[in-house]
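In my numbering, the protein residues as written are 15 to 355.
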């Protein structure tokens with residue numbers, strides 16, 4: 015047992031630290047706390063936090079079970095960092111489930127994270143107290159979780175608008191640009207969006223209609239939760255379909271031979287040197303293809319807009335959300351992802 019390890023092994027605190035990610039036990043935390051092992055408790059959390067993608071179950075356990083402990087408050091861990099890691103794990107578990115990777119395990123972790131963020135109102139509590147930059151960071155990450163129920167995203171946005179009237183959402187300008195004047199896309203992204211719209215019309219809408227019909231058969235609509243839920247989903251599906259159709263109508267497919275690599279533009283890959291010697295590589299595509307974690311950014315995003323039209327040898331300096339950027343443009347080429355289209 016945990017107590018026996020302490021009694022028979024001199025270096026038991028270090029052993030507890032190594033053991034914890036694989037043996038999630040309140041006993042380990044309790045024994046360390048009662049023994050005044052604040053540094054070892056800190057080691058446990060910081061080790062798991064630093065590699066939260068690898069220790070996802072341990073990180074979720076800690077977030078749910080120890081953040082109100084007295085020892086944890088002494089670490090001065092920012093709530094936002096925990097939320098951001100949890101949102102990343104929500105997205106990661108969704109993707110692993112889609113890829114049929116450890117499905118049962120990832121579904122369990124996904125449910126725990128979902129409850130922590132939304133059912134337990136940890137995101138809502140943070141948004142109530144945070145400044146505008148913090149709200150935008152967390153909200154943007156939630157919006158980027160592709161498999162999250164759209165109704166949750168809508169509800170979260172409404173909460174922010176209710177608590178912070180006149181709030182300006184980061185990236186809203188990009189979406190306004192799309193709705194006003196059109197935007198550029200790759201052929202594969204366009205085809206994917208068409209396929210998604212077809213699936214919505216041929217699968218999701220008929221299924222929703224069936225749910226409404228079944229709910230109606232239950233009688234009194236005033237207290238019929240299934241009917242209300244199905245009707246709300248119908249509204250979301252209709253709005254989503256209308257937006258997708260409008261976007262498809264406005265989208266312009268860019269072919270590889272239409273990309274000019276003499277300047278940074280849609281379809282190019284740009285290599286940038288930073289003063290400290292680090293090299294950054296970005297591929298500029300559209301909002302549909304954007305995957306910032308892979309270095310693929312939208313040409314309509316704040317960063318993409320700053321890079322547009324730059325030439326090799328040009329020096330760039332700009333600030334986005336209070337972060338200062340300094341780059342020298344080293345190379346521009348046609349992105350392989352587009353060249354292969």
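Just so you know, even glycine gets a beta-carbon here, dropped at the ideal spot from N, CA and C.
Original post:
From 25, 302 and 339, pick the residue whose C-alpha is nearest to that of residue 206; which is it?
Top reply: Looking at 25, 302 and 339, the one whose alpha-carbon comes closest to that of residue 206 is 302.
Original post:
Taking only beta-carbon atoms, is residue 29 less than 8 angstroms away from chain B?
Top reply: Among the chains of the structure shown, chain B does not appear; only one protein chain is present.
Original post:
Just how far apart, CA to CA, sit residue 160 and residue 105?
Top reply: A direct Cα-Cα distance of roughly 7 angstroms separates residue 160 from residue 105.
Subject >> Residue range of the unbroken alpha helix (DSSP H) whose run includes residue 82 >> reply: Unbroken run through residue 82: none, as it is neither H nor E.
Subject >> residue 196, DSSP secondary structure in three states >> reply: Residue 196 falls in the coil class under three-state DSSP.
Original post:
To the nearest angstrom, how far is it from the Cα of residue 190 to the Cα of residue 287?
Top reply: Legend: pLDDT at residue 190 = 45, less than 50; position of this residue unreliable, value from coordinates given subsequently. One C-alpha to the other measures close to 32 angstroms.
Original post:
Under 8 angstroms, do residue 52 and residue 88 count as touching if we go by C-beta distance?
Top reply: Yes; because the gap between Cβ atoms is below 8 angstroms, this pair is in contact.
Original post:
Would DSSP call residue 49 helix, strand or coil?
Top reply: Three-state result, residue 49: coil.
**OP:** State yes or no: is the C-beta of residue 33 within less than 8 angstroms of the C-beta of residue 42?
**Re:** Going by C-beta atoms, residue 33 is nearer than 8 angstroms to residue 42.
Original post:
Mind checking whether residue 270 and residue 346 have CB atoms under 8 angstroms apart?
Top reply: Not in contact: residue 270 and residue 346 (Cβ atoms no closer than 8 angstroms).
**OP:** Alpha carbon to alpha carbon, how far is residue 176 from residue 193? Give it in angstroms, no decimals.
**Re:** Only weak support is given to the placement of residue 193: the predicted model assigns it a pLDDT of 44, under 50, and the value that follows is read from those uncertain coordinates. Rounded to the nearest angstrom, the two C-alpha atoms are 24 angstroms apart.
**OP:** Please work out which residues of its chain come closer than 6 angstroms, Cβ to Cβ, to residue 329, disregarding the five sequence neighbours upstream and downstream, and give them in chain order.
**Re:** If we look at residue 329 and ignore the five residues flanking it on each side, its Cβ neighbours are 342.
Subject >> Which of helix, strand or coil DSSP assigns to residue 145 >> reply: In the structure shown, the three-state DSSP call for residue 145 is coil.
**OP:** Count the CB pairs spanning the segment 249-265 and the segment 156-172 that are closer than 8 angstroms, and state whether there are at least three.
**Re:** Taking one beta carbon from each stretch, the segment 249-265 and the segment 156-172 have 3 or more pairs nearer than 8 angstroms; the two touch.
**OP:** Go ahead and pull the three-state DSSP assignment for residue 103.
**Re:** The DSSP-derived three-state label of residue 103 is helix.
**OP:** Confirm, please, whether the CB-CB distance from residue 239 to residue 225 is below 8 angstroms.
**Re:** Going by C-beta atoms, residue 225 is not nearer than 8 angstroms to residue 239.
Subject >> Reference residue 317; option with closest CA among 323, 308 and 334 >> reply: Taking only the C-alpha atoms, the option nearest residue 317 is 334.
Subject >> Integer-rounded CB distance, given that residue 38 should sit under 8 angstroms from residue 75 >> reply: Contact between residue 75 and residue 38 holds: CB atoms are separated by about 5 angstroms, below the 8 angstroms threshold.
Original post:
Could you check where the alpha helix (DSSP H) with residue 263 kicks off and where it finishes?
Top reply: That run of the alpha helix (DSSP H) goes 239-264.
Subject >> Buried or exposed by the 16-neighbour rule on C-beta atoms within 10 Å, applied to residue 324 >> reply: With 16 or more other Cβ atoms within 10 Å, it is buried.
Original post:
Taking C-beta to C-beta, are residue 197 and residue 150 nearer than 8 angstroms?
Top reply: In this structure, residue 197 keeps its C-beta atom at 8 angstroms or more from the C-beta atom of residue 150.
**OP:** Rounded to whole angstroms, what's the CA-CA distance from residue 2 to residue 62? Just pull it up for me.
**Re:** Any answer about residue 2 is impossible in this case: the structure gives the chain only from 15 up to 355.
Subject >> Supposed contact pair residue 297 and residue 310 - C-beta distance, whole angstroms, cut 8 angstroms >> reply: The beta-carbon distance between residue 310 and residue 297, rounded to whole angstroms, is 5 angstroms. This is short enough to meet the 8 angstroms contact definition.
Original post:
What is the DSSP secondary structure of residue 342, counted as helix, strand or coil?
Top reply: Looking at residue 342 - three-state DSSP - the assignment turns out to be strand.
Original post:
Which of helix, strand or coil does DSSP assign to residue 114?
Top reply: If DSSP states are grouped into helix, strand and coil, residue 114 belongs with coil.
Subject >> Contact check, residue 47 vs residue 85, beta carbons under 8 angstroms >> reply: Yes, the Cβ-Cβ distance between residue 47 and residue 85 is below 8 angstroms.
Subject >> The beta strand (DSSP E) enclosing residue 31, as first and last residue numbers >> reply: Run containing residue 31: none in the beta strand (DSSP E); it sits in the alpha helix (DSSP H), 26-33.
Original post:
Near residue 187, what residues of its chain come up, given a Cβ to Cβ distance below 7 angstroms and the 5 sequence neighbours on each side ignored?
Top reply: For residue 187, the predicted model reports a pLDDT of 48, less than 50, meaning its position is unreliable and no value from the coordinates is stated.
**OP:** Look at the alpha carbon of residue 274 and the alpha carbon of residue 258, and state the distance between them as a whole number of angstroms.
**Re:** Rounded to whole angstroms, residue 274 to residue 258 spans 29 angstroms at the Cα level.
**OP:** Write down the C-beta distance between residue 77 and residue 130 rounded to the nearest angstrom, noting that I regard them as a contact closer than 8 angstroms.
**Re:** Confirmed, Cβ separation roughly 6 angstroms.
Original post:
What do you get for residue 142, buried or exposed, if any count of 16 or more other CB atoms within 10 angstroms of its CB means buried?
Top reply: Exposed, by the Cβ-count rule.
Original post:
Considering residue 177, what are the terminal residues of the alpha helix (DSSP H) in which it resides?
Top reply: Its alpha helix (DSSP H) spans residues 164-177.
Subject >> Buried or exposed (CB count within 10 angstroms, at least 16 for buried), residue 60 >> reply: Classification of residue 60: exposed, given that the 10 Å Cβ count is below 16.
**OP:** Grab the span of the beta strand (DSSP E) containing residue 329 for me, first residue to last.
**Re:** For residue 329, the enclosing beta strand (DSSP E) covers residues 329-334.
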